[in-house]
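Chains A, G, H and W, in that order, give the protein sequences. Mapping of the first sequence onto UniProt numbering: position 251 corresponds to residue 251, and the numbering continues sequentially without gaps. Mapping of the second sequence onto UniProt numbering: position 8 corresponds to residue 8, and the numbering continues sequentially without gaps. Mapping of the third sequence onto UniProt numbering: position 154 corresponds to residue 154, and the numbering continues sequentially without gaps. Mapping of the fourth sequence onto UniProt numbering: position 223 corresponds to residue 223, and the numbering continues sequentially without gaps. For each residue, glycine too, the CB sits at the ideal point set by N, CA and C. Computed from a predicted model, the values in this text were never measured in an experiment. Everything on this sheet refers to the single structure shown next.
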Amino acid sequence: MHQLLPYIPAFPILGFLVLSLFGRKLSKPVIATIGAGTVCLSALITIILGFSFLQTEPPGGVYDQLLWSWFSVGNLSVDIDLRVDALTLVFIFIITFVGALIHIYSAFFMWHDGDYARFFASMNLFVCSMLLLVMADNLVLMYLGWEGVGLCSYLLIGFWYEVPSNCRAANKAFLITRIGDTALLIGLFLLFKEVGTLNISGILHQAPDQFATGSSNIVLITILLLAGGMGKSAQLPLQTWLPDAMAGPSPVSALIHAATMVTAGVYLIARMHVLFQLSPVTMVIIAIIGALTLFVAGCSALAQTDIKRILAYSTISQIGYMFLALGVGAWSAAIFHFFTHAFFKALLFLAAGVVIEALHHEHNIFMMGGLRKRMPVVFITFLAGAAALSALPLVSAGFFSKDAILWYSFSAANGNPLLWLMALAGAFITALYTTRLMLVVFWGETRTPVHRQPGQGMVIPLVVLAFLSVTAGFIEWPHNMLHLTLFSAHVQKVLPETLLKTTLPSESLFQLIAALVTLAGVFLGYILYYGKPGIRWQQSPALAGIREFLFGGWKFDQLYNFLFVKPFVFITRINKSDVIDKMYNGIAQAGLRLNSWFSVSQNGSLRLYIVGVLAGILFIITLQLLL
Amino acid sequence: MIDSAHMVLMVATVLFALGLVGVLTRKNVVFMLISVEIMLNAAGLAFVAAGSKWQQPDGQVMFLFILAMAAAEVSIGLALVLQIYHQHKTLDVDRLKELRD
Amino acid sequence: MTHLQFLALLPFLILATAAIVVILLIAFKQSHTVIQITGFVMMCGVVLAMWYVRDTLPREVPPLLVVDGFAALFTGLIIFSVLVVGLLSYIYFEEREENPKEYYILLFLATLGSAVLTISRHFVSLFIGLELLSVSLYALIAYLRNRNNAVEAGMKYLVLAALSSAFLLFGMALIYMETGSMEFTAIGRALETSGSSVLFLMGIGLIVVAIGFKLALVPFHLWAADVYQGAPAPVTAFIATVSKIGVFAVLIRFAQAVHLQQNTLAVTVFTVLAIACMLTGNILALMQQNIKRLLAYSSIAHFGYLLVAFLSGDAGVGPTVFYLLAYSITLLSAFGIITLLSTTRRDADDLSGYRGLFWRSPLMAAIFTIALFSLAGIPLTAGFPAKFFILTAGVQQNMWLLAVVLVLSSVIGLYYYLRIISTLFAAPPLTSVKERTLHPFFYAATYTSLVVLMCLLAWLGVFPGFIVDQVQAFLQF
Amino acid sequence: MILVWMIVVLLAGGVLCWLVAQRNQLICRWIALIAVVTAFSIPLGWYLRFKPVVTAGNNWLIDYQANWIPAYGISFHLAMDGLSFVLILLTFLLGTLAVLCSWNEIRERTGFYFFNLLWTLAGIAGVFVAMDLFLFYFFWEVMLVPMYFLIAIYGDFNRRYAAYKFFLFTQTGGLLMLLSILAMYFIHGQQSGNYSFDYFTLLNTTLNDTAARWIMLGFLIAFVIKLPMVPLHNWLPDAHSEAPTAGSLILAGLLLKTGAYGIIRFVLPMFPQASAGIGWLAMLLGVIGIVYGALLAFAQTDLKRLIAYTSVSHMGFVLLGVFAFREIALQGVVMQLLTHGISTGALFVMAGMLKERLHTRDIDQMGGMWTAMPHMGAIGMLFVMASLGLPFLGNFVAEFLVLISTFDVSPVLTVIASVGLVLSALYSLRIMQKVFLGQLQTVTQPPADLSAREWVIVAALTVAIVFLGLYPQPVIDMVGGVVTGIVRS
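Structure representation (structure tokens):
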């Protein structure tokens, strides 16, 4: 089986090479087949691999395939080596499967775009790097994938590069994630210095005897890794790039900025869980960051008017949930939420893409409305996604994953009522803005006419995803209702069990509260936004300030602009022509001045020359008399 | 009491100094030449003195050489003086400043 | 005077007769060409004679002269330079209005003087040689009396030279007064027995002044630029090479005799002079637009470098000879270019005249460039090993101060050499260079000789080993 | 012997070009190309034929010695070990590309141009294999003079100033080095009575600390001026931006490398203690260089000047790595030499192509080039990413190795250096955005995309950089022996 591993990333990279080299010569159908086909193939392989994995567990629970030795110097040796275990399996399944759907969708969505080939080339490259990221067996190779996805995200956000704002968004995304990446890199250095290897399994084995729990080194390492994760996963305070990243085409947002890349941080932390367990402090920090992020982003989502920005903020906040789960040690819950989230958020973005496409690239939800009748399919699928996002009890995948997180945020060993309350508030807000989105877009009266209905090729992925975002949750049920733990059982081959507090109130109570809160959110949304009043509420001057504040994403951009960007630009501007250069020019000037002084002596006067000779004599004589 | 040779040497030195002062102070080329002649002769005198000190003829031999040389020098010098007067209509050295930085 | 001694002096006698022969030729109204060729032959005769008598060397001709390998080397150097100068002179004077014939008398007399300097071991011979040299130089400098202020240059040189020789004589007198002898060796001996008195030191000082004047050492350098500019190009070349070589030779000989390098006082004096030369020369040249003046300044700097070798005593003689050789070849080729470019009216000494020379006549520009690189001491040219050997000598004697100053000042120097070079390679002006009518043979001859010089520069630059060995061999006896 | 041929071919080819050029420029170009390719094929063919394996004991693959100036103990001594070999290969690779990319750029005075180009290459090749200090200095200068002409004659508007600056800076360093060489020569001579400039002889000279420090400084200054190290870097931006494309390519790709090579070959082995003494200072300066160069690069609007400052920044890593005295770091440094040569060289080549098309170097007047030239855009993206150290491109491997092993020498410096990575992202993306992205501004007809000749150039560079990024092991093994040797001493 493990011989199959290389093919999973190989097909997309192949597609990338073909498209990037000959893309301009190929016809669109061919491009589409190559672009989508390669990903579908690797999805297929992944599924085969998955089945064989689930039937007969490989020795050590790992498929491992060494390709070649990348570089080895002294005691540092790094291989290009792929490995798949239970955790990775979940990720590559999502990457390839959802990826394949999105590719199919894009084949139609991007049909009218001039740069068809470039789009698919970048998408394939992305899939490949993302696969390498999760399949790498050492951190350097993972870093390769890590940077690779960053590159592709940059390329795809700035896909329509003629528009300067898109380029700015792309740069912003790349730079902010780069900051995180650098922290991660430093983390790797420290790890290598302490453990002496960068091989993941090696690290995970040696770490416990290498570090005392909570020792300064391990805390530092985990913090640095965490910083890397925060950058990629758009967590506070590095979240500002994600909303702007929506400048890219919708499929890109769906694949990169909802389903896969932004969850790389989650993967990293889950992957290195042993280290993080050794440093409780970091765990707490992760939990707090997650809680804060989910709240902050949720609030911002409330005030957005751009459909994709709403979804972007909701993504941030959902990843916040995952971090919260990781923080409290509910590893499987976090991964499970990633799993479901991938489906419904991808779905939402794709559906949003259809809507935007249908309405002449209209992004403002308040210019939409009344689409329920005119785009029924989209409406249904979007509804499914929205339900999952706001975690409607029992009928949505979101419920099962999010409910678990809520429960663990209270009950897990290092869970805490405060975190729980935050999460609960987050759930409420989520429900609220999701309802707002639904009502404003699909109810009310028409504001923009629909000029094109989505083609079959775009609908099918929507339907598949919609189905999944309803049903995906059913593989994992809470303990108190038909205790079904397919998923957690699977991932817990790699990840540790979630430790619970000793004495706990009944879980049902919490589920009830959660469900009620969600419904309350929906209900409030209904009151506020059903029909006219919502609009008025939206424009009420009393709330302008707060709305403005939230609309700007809590003004983080302005803050950073003031703190970092402006000073940096200022410094570079003033020193454009290198101060050190002045010094050398000064020396040169001095030389020339000397020259002009000396040449005064050459004024052609014979008498002066005689005086010169005399001066010489006197000098020599005096020297002699002195010595 | 210093011997005669050194006395003469002092005289020569004084002469030499006088010549030097002359070269420095006179603007007229001819006078400069004359002053140089004085210096040369001063040197010659010094040689004679030295020769007498060591009871050797060399000093006087040297003096003869000096005379010859001085003559040659002056002859060329005067030729140049003529040319200068011919071209610049003056013998003032301070006017000879064509060549300079 | 024994037969052998006479034999040893043969080259110099031939040199002397050369002048007389020229006088006779003039008397018989021979043409410029004939004179030129005869002179050429005579000079070759000198070299041959030198070769012929080489195994009778070294030979003392007491009390005045000594002919040894050292002298042979320097004389050879001088004759070599004169050969080239003569060739240049022909081109230069061929279509000048003045009658060039007497010029050669003076030229050969001056050469004789300089040659005598190399073999002199006595104040008298030193004095005679020096005066022979300078008196003929007065006339040579002012030879073209109606062109670019030659007369002014001659006058300045005359007055200052006469002054300096007055100092020289007075210094000699003082030393004679102290030591009772005018032979270098005797003086040296007298010095060891009866230490150095004030008078003696003053004598030395005054002599140094005269020497320094002839070598244009700072602060006796002020005449150099004016004279270089005023004199006809070949004469300038002569001053820059022949006269300085001779004087430097006698300086070395004198220093060896009286062990100047052991005398801390003299060392201090020369060190100061050297540093002053290196810095002043290079700084003065920085912005100079007149090539002849610029070469004057650079030669000041170069003799500063030479002093470094001189200060390092006997170890420095070999490097000195090599340096003088490289230096004279370089300067001669440079002045050769200047001569070739000079017009009947004025010398080609303005830098602007050289704009884009490379694209007009690549060969000339190449020669000039290589010469300049050699002056700057860039590898592949003779200047590099020369400077390198001097540095070697300096470092060997742990004269770090001098070495560092040498390095830094040659960096300064680099700037103005590069300035000229980049002018040579700049985009050419639209004005075309004027055609000249010359005796084709001599024109060709000059060209070929310049090319030969260039090749010599390159050869010395890449394989200095051979010459170094030869020099060492000569200095042995 | 092949080493001699390698150099001779270039010298002869150069002269031939000059002579032929008056008749026919095309032939002259071809001669130049053939000469370089032959020179390239010599060591390559030799390698393929003998497949030399570098054993830890003896790193020397080839050794050739002949008398030169015996009176001074100067010999014509060439030798090649793994380090020299990889650098030689780089030299000729870039040399070939340099000839190719000046194919149409240089239209008049072609002969003299190629003469200088080939002689510079010969000098560089000589520097990499010279094992006699005098000879080394000789080649050191030989590569300067033709380069001076390349800049001063064929350069841009401000060429003279740039050329002076370049020559004076490097010459100052060179002469100081000459003094140091002489000092070594005499100290060793006085100790052993054997006066020689031979590298291997001088290696086992015992120096007292003060002497060692001063002599080492002499060498080091010469080399760090070439490298260049802040604050001695000022010649570089002018020279790089004014030089013709091939000139910039050679300057950035090769001349800078000679500095690093000098440090690795001479400074470390000859003065282990002395260089260890100033190690921390050098590392500090290296880090300063990284950051300072990046800041300046970000500020520039002249494309070539921008790229020039990026190499100041990248060479900082070299200094940092060399003076960490770690095997991994040194490997990283060598890798950095190669990859920087390729990536920055490629960027300069592109700047040249853009200049040929747009007749400007000002990035504010560019933009939207991707629309006009998608291929160049893609390649440009690739090398921009290389210069910001994206994995799977060579530069990442280099910088990663350097940083990971400097980390346990001095974490603080390493962290600051890593900040340099973020800055590198800043300026690299700026290039991308200003040049290739955005609206196509040129009012005239859009410039043509890569021609076949240009394809060859960029393809070669691309393959090289990707290969080094994904499979650097051969290089690492090649220089392994040298590096371990140095680290042990």
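Best match in the options for proximity to residue i [C-alpha to C-alpha]
| i | options | result |
| --- | --- | --- |
| K172 (chain A) | A:A136, A:P243, A:L184 | A:P243 |
| L78 (chain W) | W:A211, W:F197, W:F396, W:V129 | W:V129 |
| T344 (chain W) | W:V127, W:L255, W:M369, W:T301 | W:L255 |
| I252 (chain H) | H:M50, H:L402, H:A309 | H:A309 |
| S418 (chain W) | A:V281, A:G187, A:L133, A:A412 | A:G187 |
| K355 (chain W) | W:L423, W:F317, W:T371, W:V435 | W:V435 |
| D578 (chain A) | W:G367, W:I62, W:A252, W:V312 | W:V312 |
| Y408 (chain A) | A:A287, A:Q453, A:V450, A:A330 | A:A330 |
| L224 (chain A) | A:T263, A:M283, A:P208, A:D209 | A:M283 |
| F400 (chain W) | A:G298, A:A386, A:L144, A:G61 | A:L144 |
Coarse secondary structure for residue i, derived from DSSP in three states
| i | result |
| --- | --- |
| T446 (chain A) | coil |
| Q439 (chain W) | coil |
| N75 (chain A) | coil |
| L5 (chain A) | coil |
| residue 491 (chain W) | Missing from the structure shown is residue 491 (chain W); chain W here goes from 1 to 489 and no further. |
| A348 (chain H) | coil |
| E178 (chain H) | helix |
| T485 (chain A) | strand |
| V11 (chain G) | helix |
| H122 (chain H) | strand |
| I319 (chain A) | helix |
| R360 (chain H) | helix |
| D306 (chain A) | strand |
Close-in-space but distant-in-sequence residues of the same chain around residue i (CB under 7 Å, 5 per side omitted)
| i | result |
| --- | --- |
| S347 (chain W) | Looking at the sequence itself, residue 347 (chain W) is Leu, so the reference to Ser does not match. So the qualifying residues of the chain are I307, F383, S387. |
| L470 (chain W) | F392 |
| L626 (chain A) | none |
Residues of its chain near residue i, where Cβ-Cβ distance is below 6 Å and the 5 sequence neighbours each way are ignored
| i | result |
| --- | --- |
| M1 (chain G) | Only weak support exists for where M1 (chain G) lies, its pLDDT of 43 falling under 50; the coordinates are left without a value. |
| Q239 (chain A) | I316 |
| A371 (chain H) | T330, S333, A334 |
Which residues DSSP lists as bridging residue i, in chain order
| i | result |
| --- | --- |
| N65 (chain W) | The question names Asn, yet the displayed sequence has Gln at residue 65 (chain W). Paired residues: W:H77. |
| Q191 (chain W) | Its beta-bridge partners do not exist; DSSP assigns none. |
| V463 (chain A) | The partner list for V463 (chain A) (beta bridge, DSSP) is empty, contrary to what the question assumes. |
| Y63 (chain A) | A:V84 |
Partners in chain B for residue i, counting only beta-carbon separations shorter than 9 Å
| i | result |
| --- | --- |
| V317 (chain H) | As a matter of chain content, chain B is missing from the structure shown, whose protein chains are A, G, H and W. |
_If the cut-off is 9 Å on Cβ atoms, which residues from the region 603-616 of chain A count as contacting chain G, listed in chain order?_
Closer than 9 Å at the C-beta level to chain G, one finds these residues of the region 603-616 of chain A: N603, G604, S605, L606, R607, I610, V611, L614.
*According to a CB-to-CB cut-off of less than 9 Å, which residues of the region 166-188 of chain W neighbour chain H?*
Against chain H - using a Cβ distance shorter than 9 Å - the residues of the region 166-188 of chain W are F167, L168, Q171, T172, L175, L176, L178, L179, L182, A183, Y185, F186.
*Given a limit of 9 Å on CB to CB distance, which residues of the region 67-95 of chain H reach chain W?*
If the cut-off is 9 Å between Cβ atoms, the region 67-95 of chain H has nothing near chain W.
*asked:* To be precise: take each residue of the region 282-295 of chain H, compare its Cβ to all Cβ atoms of chain A, and keep it if any distance is under 7 Å. Which residues remain?
replied: Cβ contacts with chain A: I283, L284, L286, M287.
_Within 7 Å of chain G by C-beta, residues of the region 576-607 of chain A in sequence order_ = For the region 576-607 of chain A, the set of residues with a beta-carbon nearer than 7 Å to any beta-carbon of chain G comprises S599, Q602, N603, G604, S605, L606, R607, in chain order.
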